[in-house]
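Novice: Before I ask anything, let me first share the structure, which is written out below as structure tokens.
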Amino acid sequence: MSELLKDKIAKLNADALALQAKSSAELEVLRQKYLSKKGEVSLLFDEFKTFPKEEKAQWGAPLNQLKRLFETRMQELKDQLADSPANRLNDAPDLTRTPDPIALGTRHPLSLVREQIIDIFSRIGFTVADGPEVEDDKHVFGMLNFAPEHPARDMQDTFFVEKENGIQKPTDILLRTHTSSVQTRVMTAWSKALNNDPENAPHSLRVLCPGRVFRNEAISARAHCFFHQVEGLYIDKNVSFADLRQALLYFAKEMFGPETQIRLRPSYFPFTEPSAEMDISCDLCGGKGCAFCKGTGWVEILGCGMVDPNVLESCGIDSNVYTGYAFGLGVERIANLKYRVKDLRLFSENDVRFLEQFQSC
Ligand code: DAH
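Counting from 48, one number per residue, gives the positions in the sequence shown under the working numbering.
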């Protein structure tokens, strides 16, 4: 028996000296093989327990030595692995990283909604046009068919810009009260292009005019002295009210979901004839009627109509040849419907607790 044990110890000694591991997983396999409860070294100890007393005295020391040899070899291998180039690379600082973590910002809900509106209409050929916020009476009212003494002018409480030398009120310089003013600018520019270079001028006009507008209102949860609109305008030969309805139905479904229904109610705007206001089915109650839609099943979202021939003519467009539609929607209104923001003031107070809720997509 002792010869057999001697051989086993010699073989395991040789094994211990030859141990190699390229990874901690490999090292663990070796530990299991030799030192775990059922490992080869441990089994020798189990065998040792069955020896008669006199033999125990002979084999105790070499067995302990063998076990210690394995433990030291394992520790050496472990230290080697920790110090390996691969490990050192992982621990090394990444010099391309910024010193402090960068908190990712979020986009303003009004920007998100405006971009979405533009995206939806751009898919049916609309491009974006821009115009000034400080405007003159002519572009905001006059060319849009507001007669000088027309009561419609009182519909909008306007901020007039006072002249520096002596106060003259009202001046004809004002903060635009709606983005419809941009219509007059793009239509005038287009009619000039048509006259100057009929060959190369675009044969129709299809624009969106997003922007900020101003009204002299007391600030509250439901009204503000500035807010945002997107104006839409399409002028071509043979544009009809059916085209308008179809474009708006497409928009409503894209913006609020495929189940959305629209309804057009007759209304009045000086610059469109006929005019309408558009409601969408309330997406909270699915049109059944709830507190949000005041029991009607519908919520109002925009004004629209066929561009009044007087407006076309004031911009130099022949109303016998061209017709068109226009619509104007409030960005805050759409954002309210999408995100249920109850207080308009949140949009301009820059409270990060509010803004952080809108993750950029
Ligand atoms: N300008 C209107 C407003 O500010 C909105 C509007 C209504 C625009 C009808 C339009 C339109 O182009 O056709 O309340």
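We put the CB at the ideal spot given by N, CA and C, even for glycine.
Mind checking who Cys256 pairs with in its DSSP beta bridge?
Specialist: Glu278
Novice: Quick test of the definition: if touching needs 3 or more C-beta pairs under 8 Å, does the stretch 90-106 touch the stretch 65-76?
Specialist: no
Novice: Secondary structure at Pro109, three-state DSSP: helix, strand or coil?
Specialist: helix
Novice: What is the DSSP secondary structure of Ala338, counted as helix, strand or coil?
Specialist: coil
Novice: Determine, using beta carbons only, whether Gly342 and Gly334 come nearer to each other than 8 Å.
Specialist: no
Novice: Please classify Val378: is it buried, with 16 or more other beta-carbons within 10 angstroms of its beta-carbon, or exposed?
Specialist: buried
Novice: Suppose the cutoff is 6 Å on Cβ atoms and the five residues either side in sequence are ignored; what does the same chain contact list for Cys337 look like?
Specialist: So the list reads Leu331, once near-sequence residues are dropped.
Novice: Should Gly152 go down as buried or exposed, given a rule of 16 or more other Cβ atoms within 10 Å for buried?
Specialist: exposed
Novice: Using a Cβ-based criterion (distance less than 7 Å to any ligand heavy atom), does Thr319 qualify as near the ligand DAH?
Specialist: yes
Novice: Excluding the five sequence neighbours on either side, which residues of its own chain have a C-beta within less than 8 Å of the C-beta of Gly375, listed in chain order?
Specialist: Here the set comprises His225, Thr226, Ser227, Gln276, Val277, Glu278, Gly279, Leu349, Gly350, Cys351.
Novice: By the three-class DSSP mapping on this structure, what secondary structure does Ala194 have?
Specialist: coil
Novice: Kindly indicate which three-state DSSP category Asp204 falls into: helix, strand or coil?
Specialist: Coil at Asp204, not helix or strand.
Novice: Considering only residues of the same chain and omitting the five flanking positions on each side of Ser149, which have a CB-CB separation below 7 Å?
Specialist: According to the sequence shown, residue 149 is Ile rather than Ser. Counting only Cβ-Cβ distances below 7 Å, and skipping sequence neighbours, we find nothing.
Novice: How many whole angstroms separate the CB atoms of Cys256 and Val286, which I take to be in contact at a CB cut-off of 8 Å?
Specialist: With 8 Å as the limit, Cys256 and Val286 do not qualify as a contact, their Cβ atoms being about 17 Å apart.
Novice: Can you grab the Cα-Cα spacing for the pair Arg400 / Met302, in whole Å?
Specialist: 25 Å
Novice: Classify Ile220 as buried or exposed, calling it buried when 16 or more other Cβ atoms lie within 10 Å of its own Cβ.
Specialist: With fewer than 16 Cβ atoms within 10 Å of its Cβ, Ile220 is classed as exposed.
Novice: Is the number of C-beta pairs between the stretch 98-114 and the stretch 139-147 that are closer than 8 Å three or more?
Specialist: no
Novice: Jot down the residue ranges of each uninterrupted alpha helix (DSSP H) in the stretch 50-83, minimum 4 residues, whole runs only, in chain order.
Specialist: 71-81
Novice: Near Asn367, which residues of its chain fall below 7 Å by C-beta distance, leaving aside the five closest residues on each side in sequence?
Specialist: none
Novice: Helix, strand or coil for Gly375, going by three-state DSSP, please let me know.
Specialist: The DSSP-derived three-state label of Gly375 is strand.
Novice: Just verifying my parser: in three-state terms, what is the DSSP assignment at Phe298?
Specialist: helix
Novice: Let me check one thing: in DSSP terms, what residues is Leu222 bridge-paired to?
Specialist: Val181
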